[in-house]
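By the count of the numbering used here, the sequence shown reaches residue 411 at its end, each step adding exactly one.
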Amino acid sequence: MNLAGKKILLIISGGIAAYKALELIRLIQKSGGAVTAVLTDSAKHFVTPLSVQALSGNKVFTDLFSLTDESEMGHIELSRSADLIAVVPASANILAKMAAGICDDLATTLLLATDKRILAAPAMNVRMWEHEATVANQKILAQRGVILLPPDEGPMACGEFGYGRLPDPEVMLAAIAQALGAAGPLSGLRAIVTSGPTHEPIDPVRYLANRSSGRQGHAIAAALASLGARVTLITGPVTIPDPPGLATIHIETAAEMAAAVNAALPAAIAICAAAVADWRAQNTADQKIKKSGATPSLTLTENPDILKTLSAPGPNRPRLVIGFAAETENLLENATAKRARKNCDWLLANNVSTPGIMGGADNEILLITAEGAEAWPKMSKKDLAKKLAERIASKKELLF
Ligand code: C5P
12 MNLAGKKILL
22 IISGGIAAYK
32 ALELIRLIQK
42 SGGAVTAVLT
52 DSAKHFVTPL
62 SVQALSGNKV
72 FTDLFSLTDE
82 SEMGHIELSR
92 SADLIAVVPA
102 SANILAKMAA
112 GICDDLATTL
122 LLATDKRILA
132 APAMNVRMWE
142 HEATVANQKI
152 LAQRGVILLP
162 PDEGPMACGE
172 FGYGRLPDPE
182 VMLAAIAQAL
192 GAAGPLSGLR
202 AIVTSGPTHE
212 PIDPVRYLAN
222 RSSGRQGHAI
232 AAALASLGAR
242 VTLITGPVTI
252 PDPPGLATIH
262 IETAAEMAAA
272 VNAALPAAIA
282 ICAAAVADWR
292 AQNTADQKIK
302 KSGATPSLTL
312 TENPDILKTL
322 SAPGPNRPRL
332 VIGFAAETEN
342 LLENATAKRA
352 RKNCDWLLAN
362 NVSTPGIMGG
372 ADNEILLITA
382 EGAEAWPKMS
392 KKDLAKKLAE
402 RIASKKELLF
């Protein structure tokens with residue numbers, strides 16, 4: 012991991028996991044990065060400013076109204092001079108304040124005043140993590156581009172078991188490096204990637220879905236981020252983990268995906284890898300539909316076409332829009348027609364009747380652009396993502 016020259020403003024909030032922030036400081040420094048730390052009042056009950064200062068080698072800030080600190084470096088400057096703000100651990104309280112825009116101490120004021128990327132690693136009791144209020148706050152923050160590093164599952168200090176443990180410092184370091192985009196060829200560019208299936212409810216327990224695993228879309232999001240792009244991944248329900256170091260928004264339906272994509276604009280690059288359901292149930296039952304002897308009929312209505320909407324000319328059109336075409340026959344012909352119909356720049360067509368493509372680890376595609384079609388050999392979805400990200404980076408004239 013190379014963080015040479017990178018400045019990280021580390022906000023430590025109050026939680027039993029705060030001790031892991033000390034190890035993180037050491038790891039960041041070992042990778043060449045510099046840490047300036049800010050402690051909330053409650054953090055001081057778990058780690059001391061002295062130990063943080065000794066490890067970071069830099070002055071530790073704790074007080075919003077300190078006359079001496081303000082004269083040396085104002086709080087706005089503190090939040091702007093960093094390359095990234097990392098909140099480790101992020102308590103339920105600080106997440107709630109961030110979501111609401113409350114700024115009643117130095118840490119939350121910095122978080123509101125900053126124009127830099129924020130990565131937060133939440134750690135708390137599993138019930139607090141799963142509380143509706145915290146879930147709503149997670150959604151708000153992810154939508155604003157805050158990178159939330161999901162907590163691990165395991166035994167907790169409070170004696171309970173579940174999600175809420177702070178990830179290991181090595182995992183947090185990797186996410187920080189990823190988020191910093193370590194000055195890759197795509198740094199400075201925003202990208203939106205859709206991934207996974209969508210679930211279209213029929214009643215409270217049933218839904219329409221498809222076999223998409225999200226593997227291809229997630230790998231593309233990670234590959235773009237590793238070349239420095241600032242990626243927002245918008246995904247339907249999948250069982251694979253969020254890629255570290257990028258903002259991931261979880262949605263269920265096509266309508267929610269369309270709204271999240273719209274809210275994430277503007278972006279230079281948009282890649283629609285999601286297998287969006289083309290239709291949803293026209294009417295969703297509020298209660299579970301009971302067997303009544305007669306066979307019920309299901310009336311469908313069309314979902315918004317996210318790719319087509321994104322590709323339509325307008326001030327917010329990403330400069331490079333890429334779609335996928337999952338076909339079962341006449342691949343080249345159908346995909347070429349789809350590219351024209353959707354108005355996207357590139358189209359990756361794959362034959363999903365080949366066993367193991369949909370939901371599997373490998374993919375085999377035809378890349379269709381204005382110049383024509385190019386067959387890529389079968390490779391892992393990860394390698395395909397890397398090749399695609401590199402191809403995008405090589406087309407600078409399309410992006411800037
Ligand atoms: O029309 P079809 O579903 O075959 O098109 C596939 C491409 O369009 C994929 O890139 C998919 O992500 C995108 N799509 C979309 N919104 C829809 C349907 C498909 O973005 N409602």
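Virtual Cβ for every residue (Gly too), placed ideally from N, Cα, C.
Between the C-alpha atoms of LYS18 and THR125 there is a straight-line separation of about 14 Å. In chain order, LEU75, HIS86 and CYS114 place their CB closer than 7 Å to the CB of THR120, counting only its own chain and leaving out the 5 sequence neighbours on each side. For ASN13, the CB stays at least 7 Å from every heavy atom of the ligand C5P.
Considering only VAL182, MET135 and GLN154, the residue with the shortest C-alpha distance to PHE172 is MET135.
Counted as a single uninterrupted DSSP element, the alpha helix (DSSP H) harbouring TRP140 occupies residues 137–141. Counting only the Cα atoms, THR205 lies some 12 Å from ASN273. Contact between PRO255 and ALA186 holds, with the beta-carbon distance rounding to 4 Å and staying under 8 Å.
Checking the 7 Å criterion, the Cβ of THR380 is out of range of every heavy atom belonging to the ligand C5P.
DSSP places PRO180 within a helical segment (H, G or I) once states are collapsed to three. Contact between the region 130–147 and the region 59–70 is absent: fewer than 3 CB-CB pairs across the two stretches fall below 8 Å. In the structure shown, LEU197 adopts coil according to DSSP, grouped into three states. No Cβ-Cβ contact shorter than 8 Å links LEU399 with ASN374.
In this structure, ASN273 has its CB at a distance of at least 7 Å from all heavy atoms of the ligand C5P. Proximity of the beta carbon of LEU318 to the ligand C5P is indicated: a heavy atom of the ligand is located closer than 7 Å.
In the DSSP assignment, THR119 falls within the unbroken alpha helix (DSSP H) covering 117–124. The beta carbon of GLY334 lies closer than 7 Å to those of CYS283, LEU318, LYS353, CYS355 and LEU358 in the same chain, with the five residues before and after it left out. Using a Cβ distance threshold of 8 Å, THR51 and SER24 count as a contacting pair.
In the three-state scheme derived from DSSP, where H, G and I count as helix and E and B as strand, ASP394 is classed as helix. Between ASP316 and ALA101, the alpha-carbon positions lie close to 37 Å from each other.
The three-state secondary structure of LYS18, taken from DSSP, is strand. If you draw a straight line from the Cα of ALA29 to the Cα of ASN13, it is about 24 Å long. Rounded to the nearest whole angstrom, the C-alpha separation of ALA351 and ILE403 is 20 Å. Taking ALA190 as reference, the option from LEU117, GLY156, ALA103 and LEU331 with the minimal CA-CA separation is GLY156. According to the DSSP assignment, LEU35 belongs to the alpha helix (DSSP H) that extends over 30–41. The Cβ-Cβ distance between LEU331 and LEU184 does not fall below 8 Å.
Relative to the Cα of ARG176, the nearest Cα in the group ALA188, ASP163 and GLY170 belongs to ASP163. A distance below 6 Å between beta-carbons, with the five flanking residues on each side excluded, links THR243 to the following residues of its chain, in chain order: ILE203, ALA258 and ALA275.
Per the C-alpha coordinates, the member of GLY26, THR310, GLY367 and LYS392 positioned closest to CYS169 is GLY26. Counting the other Cβ atoms within 10 Å of the Cβ of HIS56 gives fewer than 16, which makes it exposed.
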